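Enquirer: Residue numbers (the numbering used here): 213 to 663. All residues carry an ideal CB built from backbone N, CA and C; glycine is no exception. Keep in mind it's a predicted model, so treat the numbers as computed, not measured. Take a look at this one; I'll ask things after.
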Amino acid sequence: MKVSKFGGTSLANAFQIQKVCSIVLSDPDRKVVVVSAPGKRTKDDIKVTDLLIDVATTRIAGNDYKKPLELVIDRFREICGELEIPDALPAVEKAVTEVVEAAIYDNVSYIDSVKAMGEDSSARIVTEYLNSTGHKAHYCNPRECGLFLEHNDIGKAVILDESYDNLSTLRKDEDTIYIFPGFYGYTKAGQIITFSRGGSDITGSILAAALSAEVYENWTDVDNVYAVNPNLVNNPFPIREITYDEMRELAYAGFTVLHEDALYPAYVRGIPINIKNTNNPSANGTWIVSKRTHYDSLITGIAGEKGFSSVTISKYLMNQQVGFLWNIMRIFMEEGVSIEHIPSGIDTISVVVRKKYFTPEKQEIICNRIMKELNADNIKVERDLAIVMIVGEAMANSVGIMARAASALSNAGINLRIVNQGASEISMMFGVAESYCSYAQKVLYKELFRY
Ligand code: ASP
């Protein structure tokens, strides 16, 4: 049995939804389908999720939300009309309007509940369409199916373990195709709660894990995952196979094909993930697996992401002071700032953090505490850093990649603020000024993929 998740461009209009349904029907193993909200039809279009966020924030601000709401309903009216399922519209319109017009107790929960309605409506429409064409499909409500979530300590929605057991009983009838809305679940108190943007990928992975699927298919609008962002390089190398570990590193550093948090559920149960193209279903796509069968290249991928800061602390004879590092980490922990990396030297240590959590106020408090409580000699903060990563399991057994990468970057005039090779030797990380984020990736690609 396969769990198949379709992204926003696959649900963007009636034509795309028909493609989705024919893909689903072409393989009897595709029995559980996870859908996103309708995405962009053209480059300048607006995603339904963004339209819904606009509806919610307009109502919170006390302004007229009926106009933006009408834009949402119009999208669904057009889709239902073109699919010739006009009877599906009233249920969709009722569900959306009820949530939009509900009492607002707290703004965050209200926005979550409204923005989940894109996925919810997609699931209702796909179900109706399949039923109208003579197939047996069932719309799944995440609460009835037991998908329970909560916020973790940095405000991210995470799954409650019991959900896996609940969801494992989803397929009560073998002949039915179950259509599950992505992106959201419920708190135990019965409130809608959404994952971060792009989170339908997470729902798909959770269901694949809960149902012990043979594969988790993630249908999108590209034939493959590419070795580098295709907006930066013409015709980049396609990745046919990649391990969870490699993908995790690349997703961390900005690969956006699959949501960063979507790997974990499938990884834990060893379920292979196949990224495929709704517009070209016969292409093999990219396989994310626990063990690779072959290596097409030494490097698997290059990625980069902005939004990091580093705090470099110097203290003469730091290496001889028991507990110095522990005390630094304790201060970051007490101030609620999560640490991403800690490259270190003999008398210096850099703590790399996400800029969004390391506000200028936090910076002031943390730096003062480190100077005062730990008697540091010096402390230097770089606020605007990008992390650029080279990832590839095959690197572990080869010599000289770091030298080639570092000299290519230095020949291009890019100053390396941080260099770090992960203990696993499957990745190398470079910290560069944010303004060099794209350029550094291009330079590295040119050096490492043209051998
Ligand atoms: N619709 C949501 C978003 O646009 C979630 C998703 O598509 O995965 O972020």
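Along the chain, where does the beta strand (DSSP E) that runs through M601 open and close?
Expert: Note, M601: beta strand (DSSP E), 590 to 603.
Enquirer: How should W431 be labelled, buried or exposed, when 16 other C-beta atoms within 10 angstroms of its C-beta is the threshold for buried?
Expert: W431 is buried by the Cβ-count criterion.
Enquirer: Would I465 and V603 qualify as a contact pair, given that the criterion is a beta-carbon distance under 9 Å?
Expert: The question names Ile, but residue 465 is Ala in the sequence shown. Closer than 9 Å, so yes.
Enquirer: Cβ of P477 within 9 Å of Cβ of I418?
Expert: In contact: P477 and I418 (Cβ atoms closer than 9 Å).
Enquirer: Looking only at its own chain, which residues have a Cβ that is under 7 Å from the Cβ of V284, when we skip the five neighbours before and after it?
Expert: Answer for V284: V260, L263, L264, V267, V308, listed in chain order.
Enquirer: Where do the N-terminal and C-terminal ends of the beta strand (DSSP E) with I665 fall, by residue?
Expert: With the chain represented from 213 up to 663, any question about residue 665 goes unanswered, as that position is not in the structure.
Enquirer: For G274, does the three-state DSSP call read helix, strand or coil?
Expert: Of the three classes helix, strand and coil, the one that applies to G274 here is coil, per DSSP.
Enquirer: Ordered along the chain, which non-local residues of its own chain (more than five positions away) have a Cβ less than 8 Å from that of N531?
Expert: Counting only Cβ-Cβ distances below 8 Å, and skipping sequence neighbours, we find I558, D559.
Enquirer: With DSSP as the reference, please indicate the residues paired to H363 in a beta bridge.
Expert: According to DSSP, H363 bridges with A369.
Enquirer: Is the beta carbon of I591 closer than 9 Å to that of S526?
Expert: Cβ atoms of S526 and I591: closer than 9 Å.
Enquirer: Would you say the beta carbon of T261 comes nearer than 8 Å to a heavy atom of ligand 1?
Expert: Answer for T261: yes, Cβ within range of ligand 1.
Enquirer: From K243 to L379, what distance separates their C-alpha atoms?
Expert: The alpha-carbon atoms of K243 and L379 are separated by roughly 14 Å.
Enquirer: Cα separation between L537 and L660?
Expert: Between L537 and L660, the C-alpha separation is close to 35 Å.
Enquirer: Report the rounded CA-to-CA distance for Y663 versus I638, giving the unit in angstroms.
Expert: Here Y663 scores only 49 on pLDDT, less than 50, and its place in the model should not be relied on; the value that follows carries that caveat. Answer to the nearest angstrom: the Cα atoms are 19 Å apart.
Enquirer: Nearer than 8 Å: is that true of the beta carbon of A212 relative to any heavy atom of ligand 1?
Expert: Only positions 213 to 663 of the chain appear in this structure, which leaves residue 212 out of reach.
Enquirer: Using 8 Å as the Cβ pair cut-off and three pairs as the minimum, do the region 500 to 508 and the region 549 to 556 touch?
Expert: Segments in contact, no.
Enquirer: Look at the alpha carbon of S234 and the alpha carbon of F227, and state the distance between them as a whole number of angstroms.
Expert: Spanning the two alpha carbons is a distance of roughly 11 Å.
Enquirer: Give the DSSP-derived three-state secondary structure of N489 in the structure shown.
Expert: The answer is strand: DSSP assigns N489 an E or B state.
Enquirer: Please tell me whether, using a cut-off of 8 Å, the distance from the CB of G358 to the nearest non-hydrogen atom of ligand 1 is below it.
Expert: No, the beta carbon of G358 sits no closer than 8 Å to any heavy atom of ligand 1.
Enquirer: Which one of A515, F407, G416, I540 has the shortest CA to CA distance from I487?
Expert: Considering only alpha carbons, the answer is G416.
Enquirer: Buried or exposed, going by whether 16 or more other CB atoms sit within 10 Å of the CB of R409?
Expert: R409 comes out exposed.
Enquirer: Roughly how many whole angstroms lie between the Cα atoms of V480 and A421?
Expert: Approximately 8 Å between the Cα atoms of the pair.
Enquirer: Should C357 be labelled buried (16 or more other beta-carbon atoms within 10 Å of its own) or exposed?
Expert: Buried is the call here.
Enquirer: Return the chain-ordered ranges of every alpha helix (DSSP H) run that is complete within the region 243 to 305 and spans a minimum of 4 residues.
Expert: The qualifying runs are 260 to 272, 278 to 294.
Enquirer: Would you mind working out which of D256, A515, G394 sits nearest M601, comparing C-alpha positions?
Expert: Closest option to M601, Cα to Cα, is A515.
Enquirer: Could you tell me which of I613, M614, G643 sits nearest to N627, measuring between CA atoms?
Expert: Taking only the C-alpha atoms, the option nearest N627 is G643.
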